[in-house]
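> This is the structure, below, for whatever I ask next.
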Amino acid sequence: DVKVTQSSRYLVKRTGEKVFLECVQDMDHENMFWYRQDPGLGLRLIYFSYDVKMKEKGDIPEGYSVSREKKERFSLILESASTNQTSMYLCASRSLGGNTEAFFGQGTRLTVV
Amino acid sequence: GQNIDQPTEMTATEGAIVQINCTYQTSGFNGLFWYQQHAGEAPTFLSYNVLDGLEEKGRFSSFLSRSKGYSYLLLKELQMKDSASYLCAVRDHYGQNFVFGPGTRLSVLP
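Protein chains in written order, with the working numbering: chain Z, 1074 to 1186; chain H, 492 to 601.
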């Protein structure tokens, strides 16, 4: 059974803290994604990676960075957390094939106070 | 630019049929996906269309018209467990990224 695992379901952090969100997939997928989901806005792409050590900015990369040192792991980093980064964060992965769908992790609900 | 529209909320009765529409304007098109997301859970894949026409999968069907930039998800014989958000997503020209719509929250009433 395919699996995308995010390290935490719920996180509460203080403004200015450095925050790491970890995502691991066990399907040997090339592509990995980080989205944030906010009411009325849907899923918005923060960053994606199509290979180890490769990364591309999505639609809303400001305030975030990513790291992909190994194929199975894709980390999202909030360098200095702010209250407007309070959101649900979803990690996804997919293979390179033609009609393959993305598989999602269970999400991390981050609250920045 | 990228724009995907869906109704925000819909309500239907158990046992009925409901159609959730999705219109899109994207810089490229390489397939349209529908996902289901229950509250507090991850989105799960429902269906995929890349050619015009209807794809049927049990109680769920999805239709695509590329010339009109339009898709719909049809849910038949609604059950209470179908209460969820339904997300329409277009895969871009390069085939790597998904652009998601805002999602439609469906409530199924007894």
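For glycine and all other residues, C-beta sits at the position ideal for the given N, C-alpha and C.
Using a cut-off of 8 Å between C-beta atoms, extract the partners of glycine 1089(Z) located in chain H.
What glycine 1089(Z) touches in chain H: nothing, since even the nearest Cβ is about 28 Å away.
> In three-state DSSP terms, what is threonine 1156(Z)?
Looking at threonine 1156(Z) - three-state DSSP - the assignment turns out to be helix.
> Distance cutoff 8 Å, beta carbons only. Does alanine 533(H) sit that close to anything in chain Z?
For alanine 533(H), the answer is yes, since a Cβ of chain Z falls inside 8 Å of its Cβ.
> Rounded to whole angstroms, what's the CA-CA distance from histidine 1102(Z) to glutamine 516(H)? Just pull it up for me.
Roughly 28 Å between the two C-alpha positions.
> So is proline 498(H) in contact with chain Z if we call contact Cβ pairs under 8 Å?
No - not a single Cβ of chain Z is within 8 Å of the one on proline 498(H).
> For glutamate 1174(Z), go through chain H and note every residue whose CB falls closer than 7 Å to its CB, in chain order.
Phe524, Phe536, Tyr539, listed in chain order.
> Going by CA-CA distance only, name the one from Pro498(H), Gln493(H), Glu505(H) that's closest to aspartate 573(H).
Of the candidates Pro498(H), Gln493(H), Glu505(H), the one whose C-alpha sits nearest the C-alpha of aspartate 573(H) is Glu505(H).
> In angstroms with no decimal places, state the Cα-to-Cα distance between isoleucine 495(H) and isoleucine 508(H).
Approximately 23 Å, taken between the alpha carbons.
> If the cut is a Cβ gap below 9 Å, which residues of chain H does tyrosine 1123(Z) touch?
What tyrosine 1123(Z) touches in chain H: Gln587.
> Rounding to the nearest angstrom, what Cα-Cα distance links arginine 557(H) and phenylalanine 1093(Z) in this structure?
For arginine 557(H) and phenylalanine 1093(Z), the distance between alpha carbons rounds to 40 Å.
> Buried or exposed: asparagine 1157(Z), going by 16 or more other Cβ atoms within 10 Å of its Cβ?
Result: exposed.
> Beta carbon of valine 581(H), beta carbon of leucine 523(H): below 8 Å?
Yes, these two residues count as a Cβ contact at 8 Å.
> Quick one: list the residues of chain H neighbouring asparagine 1157(Z), beta-carbon separation under 9 Å, in chain order.
Near asparagine 1157(Z) there are no residues of chain H at all, since even the closest Cβ is about 19 Å away, more than 9 Å.
> With three or more beta-carbon pairs closer than 8 Å as the criterion, would you say the segment 1085 to 1100 of chain Z touches the segment 1111 to 1119 of chain Z?
At 8 Å Cβ cutoff, the stretches do not touch.
> Could you work out which residues of chain Z lie near glycine 592(H), taking near to mean beta carbons separated by less than 8 Å?
What glycine 592(H) touches in chain Z: Gly1115.
> Along chain H, which residues have their Cβ under 9 Å away from the Cβ of leucine 1163(Z)?
Ala533, Pro534, listed in chain order.
> Check each residue of the segment 544 to 577 of chain H: if its Cβ is closer than 8 Å to any Cβ of chain Z, include it; give the result in chain order.
Under the 8 Å Cβ criterion, the segment 544 to 577 of chain H contributes no residue.
> Tell me where the beta strand (DSSP E) around glutamate 547(H) begins and ends.
544 to 548 is the span of the beta strand (DSSP E), which, as asked, contains glutamate 547(H).
> Identify the contact partners of glycine 1180(Z) in chain H, using a Cβ-Cβ distance below 7 Å as the criterion.
Within 7 Å Cβ-Cβ: Ala533.
> Could you have a look at lysine 572(H) and say whether DSSP puts it in helix, strand or coil?
In the structure shown, lysine 572(H) sits in a helix (DSSP, three-state: H, G or I).
> Could you check whether the Cβ of leucine 1118(Z) sits closer than 8 Å to any Cβ belonging to chain H?
Taking Cβ atoms only, chain H reaches closer than 8 Å to leucine 1118(Z), which makes this a yes.
> Near glutamate 1174(Z), which residues of its chain fall below 8 Å by C-beta distance, leaving aside the five closest residues on each side in sequence?
Same-chain partners within the cutoff: Arg1167.
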